Amino acid sequence: MRFAAIADIHGNALALEAVLADIAAQGIATADIVNLGDCLSGPLEAGRTADILVPLDLFTVCGNHDRYLVEHAAGDMHEWEADAFRQLKPEHLDWLRSLPFDAVFRDVAYLCHARPQDDGTYWLEQVSREGHVHLRDRATIETWADGITQPLILCGHTHIPRAVQLSDGRLIVNPGSVGGPGYTDDAPYPHKVEAGLPHASYAILDDASGALGVTFRLVPYDHMAMSRLAGERHRPEWASALATGFVAE
Numbered sequence: 001m002r003f004a005a006i007a008d009i010h011g012n013a014l015a016l017e018a019v020l021a022d023i024a025a026q027g028i029a030t031a032d033i034v035n036l037g038d039c040l041s042g043p044l045e046a047g048r049t050a051d052i053l054v055p056l057d058l059f060t061v062c063g064n065h066d067r068y069l070v071e072h073a074a075g076d077m078h079e080w081e082a083d084a085f086r087q088l089k090p091e092h093l094d095w096l097r098s099l100p101f102d103a104v105f106r107d108v109a110y111l112c113h114a115r116p117q118d119d120g121t122y123w124l125e126q127v128s129r130e131g132h133v134h135l136r137d138r139a140t141i142e143t144w145a146d147g148i149t150q151p152l153i154l155c156g157h158t159h160i161p162r163a164v165q166l167s168d169g170r171l172i173v174n175p176g177s178v179g180g181p182g183y184t185d186d187a188p189y190p191h192k193v194e195a196g197l198p199h200a201s202y203a204i205l206d207d208a209s210g211a212l213g214v215t216f217r218l219v220p221y222d223h224m225a226m227s228r229l230a231g232e233r234h235r236p237e238w239a240s241a242l243a244t245g246f247v248a249e
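Numbering (the UniProt record's numbering), first residue to last: 1 to 249.
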C-alpha cells in the first residue's frame, strides 16, 4: 500500500495546490491521501482552501484550530481563527463540524492531529522552560501510544517533519506542515517552531518492500505571494515564516 499524508494547511491554498500536484505526479490518487487537520485557520486564503478541500472528500481528522473555528464565538476567536472565519461559508463550517477527532485508515494507520485524547499537546516534541523545542523522551511517546494496535501512527500539529520508531516496531510519523513553516506559541512555555525553509511539506508512506518506508517531500511553490498576503493583512510573524521558514525576532 502506498499513500500520502498531509497536515497543517492553515489556509495556504497555493501550498495545498502544489502539494496535491506533487502527490498526483507520484502516482498517488486522491483517495489515497489522508489529512491530519488544521486546514483553514490563518490570515491567508481560508475560503479558497475550503473550496479546494471540501469537494475532495479526503480522509480527514479534526485539528485543534479546526475545532476552534466551530466552538469559539466570533468575538472570542484567536487571530488565526478570526482571520479565517470571515472567509468561510456555512457549508465550510458544516464540513469542519463533521470531522472526527481520530480515525483508522484501512486498518493500517491510526490518525490524530496532535496526540490521542488531546488535540493541543505535542506528541513527538517537548518544550523546555527556556523555549527550546526538542524530541520528547521515548517513554512518554510510547505511553501515549498505548492501546493503538495499528503499525503506523500519523500525527501533525507541530509542523515539524519527523518519524519515531517505537520499541515494538510501530512507527509514528508527522508529515510536517503544508502551509505554515513557522510560528510562535506560549504553551507550555513561550517558544518558536521553525522549519528552516519555506517549502510545503508532506509524507509518502509505502510498504511495497515489505517494511514500511517513509519519504518526506518538500515542495516549492510561490511562497512569497503568500508572505506578501500575510504582510498586507498585518501578520508579520506569518509573513516572515512564509518567506524564509524562520520567525523574525
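The beta-carbon is built from N, C-alpha and C at its ideal position, and this holds for glycine as well.
Being a predicted model, the structure only gives us computed values, none of them experimental.
Restricting to Cα atoms, I'd like to know which of Leu69, Arg162, Val54 and Trp80 is closest to Pro43.
The residue you call residue 43 lines up with position 43 of the sequence shown. Nearest option by C-alpha distance: Trp80.
Should Glu91 be labelled buried (16 or more other beta-carbon atoms within 10 Å of its own) or exposed?
Position 91 of the sequence shown, counting from 1, holds the residue named residue 91. Flag for Glu91 reads exposed.
Which same chain residues, not among the five before or five after Lys89, have their C-beta less than 6 Å away from its C-beta?
Here residue 89 is taken as the residue at index 89 of the sequence shown, counted from 1. No residues qualify anywhere along the chain.
State the start and end residues of the unbroken beta strand (DSSP E) segment that holds Glu45.
Taking the first residue of the sequence shown as position 1, residue 45 is located at position 45. It is not in any beta strand (DSSP E) - Glu45 carries neither H nor E in the DSSP assignment.
Under the assumption that Val104 contacts Lys192 (Cβ atoms under 8 Å), give the Cβ distance between them as a whole number of angstroms.
Within the sequence shown, the letter at position 104 stands for residue 104. Within the sequence shown, the letter at position 192 stands for residue 192. Not really, about 33 Å apart at Cβ, beyond 8 Å.
Among all the DSSP beta bridges, which residues are the ones paired with Thr215?
Taking the sequence shown and counting its residues from 1, the one referred to as residue 215 is at position 215. According to DSSP, Thr215 bridges with Ile204.
Taking contact to mean 3 or more Cβ pairs, one atom from each stretch, closer than 8 Å, check whether the region 43 to 53 and the region 187 to 204 are in contact.
no
Please classify Asp137: is it buried, with 16 or more other beta-carbons within 10 angstroms of its beta-carbon, or exposed?
As a working mapping, residue 137 is identified with position 137 in the sequence shown. By the 10 Å Cβ count, Asp137 comes out exposed.
Determine the DSSP secondary structure at Phe101, reduced to helix, strand or coil.
Taking the sequence shown and counting its residues from 1, one reaches residue 101 at position 101. Here Phe101 sits in coil by DSSP.
Going by C-alpha distance, which of Leu229, Arg233 and Ala5 is nearest Leu111?
Here residue 111 refers to the residue found at position 111 of the sequence shown. Comparing Cα-Cα distances from Leu111 to each of Leu229, Arg233 and Ala5, the minimum goes to Ala5.
Give me the Cβ distance between Ala241 and Gly182, rounded to the nearest whole Å; I'm assuming they're in contact under 8 Å.
Within the sequence shown, numbered from 1, the residue matching residue 241 stands at position 241. Within the sequence shown, numbered from 1, the residue matching residue 182 stands at position 182. Contact holds; Cβ gap of about 3 Å.
Segments of 3+ residues assigned as beta strand (DSSP E) that fall wholly inside the region 143 to 173:
152 to 154 and 162 to 165
Could you compute how far the alpha carbon of Pro198 sits from the alpha carbon of Ile148?
Reading the sequence shown from its first residue, position 198 is the one you call residue 198. Reading the sequence shown from its first residue, position 148 is the one you call residue 148. If I take the Cα positions, the gap works out to 33 Å.
Over what stretch of residues does the alpha helix (DSSP H) that includes Gly182 continue unbroken?
For this step, residue 182 is matched to residue 182 along the sequence shown. Looking at the DSSP string, Gly182 is not in any alpha helix (DSSP H); the run it does join, the beta strand (DSSP E), is Gly182 to Asp185.
Rank Phe216, Arg48 and Leu40 by C-alpha distance to the C-alpha of His65 and give the top, closest one.
The residue given as residue 65 occupies position 65 in the sequence shown. It is Leu40 whose Cα lies nearest to the Cα of His65.
Cβ neighbour criterion (16 or more within 10 Å) applied to Pro175
For this step, residue 175 is matched to residue 175 along the sequence shown. Counting Cβ neighbours within 10 Å, Pro175 comes out buried, since at least 16 surround it.
Counterpart residues of Leu111 in DSSP-defined beta bridges:
Within the sequence shown, the letter at position 111 stands for residue 111. Paired residues: Ala103 and Leu154.
Please report the residue range of the beta strand (DSSP E) in which Leu135 lies.
Counting from one through the sequence shown, the residue named residue 135 turns up at place 135. Counting along the chain, the beta strand (DSSP E) containing Leu135 begins and ends at Val133 to Leu135.
Would you report the Cα separation of residue 254 and Asp38, rounded to the nearest angstrom?
Residue 254 lies beyond the stretch modelled for the chain, which goes from 1 to 249, so this question has no answer here.
Three-state class that DSSP yields for Arg235 in the structure shown
Sequence index remark: in the sequence shown, residue 235 carries index 235 (1-based). Here Arg235 sits in coil by DSSP.
When we look at the beta-carbon of Met226 and count the other beta-carbons within 10 Å, is it buried (16 or more) or exposed?
Position 226 of the sequence shown, counted from the start, is the residue given in the question as residue 226. With 16 or more Cβ atoms within 10 Å of its Cβ, Met226 is classed as buried.
Determine the direct distance from the alpha carbon of Asp168 to that of Ser98, and round the result to whole angstroms.
Along the sequence shown, one-based indexing puts residue 98 at 98. Along the sequence shown, one-based indexing puts residue 168 at 168. So the alpha carbons of these two residues sit roughly 34 Å apart.
For His65, report the span of its alpha helix (DSSP H) as first-last.
Numbered from 1 along the sequence shown, position 65 holds the residue referred to as residue 65. Note, His65: alpha helix (DSSP H), Asn64 to Glu71.
Could you give the first and the last residue of the continuous beta strand (DSSP E) run that contains Val34?
Taking the first residue of the sequence shown as 1, we reach residue 34 at position 34. Taken as a continuous stretch (DSSP letters only), the beta strand (DSSP E) holding Val34 covers Ile33 to Asn35.
With distances taken from CA atoms, which of Thr215, Leu154, Asn12 and Phe3 is nearest Trp238?
Sequence index remark: in the sequence shown, residue 238 carries index 238 (1-based). Selected option, being the one with the closest Cα: Asn12.
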